[in-house]
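Be aware that the sequence shown starts at 217, since it is given in the working numbering, and climbs by one per residue.
Ideal placement from N, C-alpha and C gives every residue a C-beta, glycine not left out.
To start, the structure itself, in structure tokens.
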Amino acid sequence: MKTHVLFAVTAAALFALFSSCSSGPVTRVSADTQVDLSGRWNDTDVRQVCESLIAGCLSAPSVDRFINTYSTSHQGELPTVLVGNFRNTSSEHIDTTIISGIMRSAIINSGKLEFVAGGDTRDELRAERQEQQSNASEASAAALGNETGATFMLNGTVQAIVDRNGNTSVRSYFVHASLTNIETNRILWEGENNEIKKVINQAKLKP
217 MKTHVLFAVT
227 AAALFALFSS
237 CSSGPVTRVS
247 ADTQVDLSGR
257 WNDTDVRQVC
267 ESLIAGCLSA
277 PSVDRFINTY
287 STSHQGELPT
297 VLVGNFRNTS
307 SEHIDTTIIS
317 GIMRSAIINS
327 GKLEFVAGGD
337 TRDELRAERQ
347 EQQSNASEAS
357 AAALGNETGA
367 TFMLNGTVQA
377 IVDRNGNTSV
387 RSYFVHASLT
397 NIETNRILWE
407 GENNEIKKVI
417 NQAKLKP
């Protein structure tokens, strides 16, 4: 009898657990549909910020001048860029690699600049080259010491200011990016997007 009771209680508990974890109906929308649920950073913000920064970088006269001068003195080659750190100094979780990844793809596809691998990808490539020295044929092994050095580093920051009054808060975002000459430390281009501001009204708790 006790076994049957224990089984019934366990089954009821598991049913309640899985019922509470199940989601409601899911509606698919197009990727460019603006959906604001919490008022925090979302995909719409990423698109707006990246479009602004990419347009600013690719249309900057200083970038065009450097590319023309560099290509003339390097037999038509393009300057190379390394993606550095995009720091998130806000209080919320923001995956800044999405911002740097979108910017990198757009700039590469523009044909104005080339990028070199950095971070974990660079470490993987170096490890593979080292591995080939011992395990690949001499004719097919990638040579060491032939990496292309980056001309510029692309990095930036994401900041947020939150102003609260009662159940209402205003959240403003400031995203900054820069293109810096690695050899000279000269900043070739800087851009900032401060167009994202959200007013969030939180529901009052019922007594």
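Remark: three or more beta-carbon pairs, one from each stretch, lie closer than 8 angstroms, so the region 361-370 and the region 288-305 are flagged as touching. Assignment of alpha helix (DSSP H) within the region 317-347, counting only whole runs of 4 or more residues, yields no such run. Per DSSP, the beta bridge partners of W405 are L395. Here DSSP, grouped into helix, strand and coil, assigns T367 to coil. Take the alpha-carbon of E399 and the one of A322: they are about 24 angstroms apart.
Per DSSP, the unbroken beta strand (DSSP E) holding R303 starts and ends at T296 to N304. By the CB criterion at 8 angstroms, N304 and I310 fall inside the cutoff. S307: not part of any alpha helix (DSSP H); DSSP gives it neither H nor E. Distance from L269 to A376 at the Cβ level is roughly 17 angstroms; contact not present, criterion being Cβ atoms closer than 8 angstroms.
C-alpha of E406 to C-alpha of S385: approximately 30 angstroms in a straight line.
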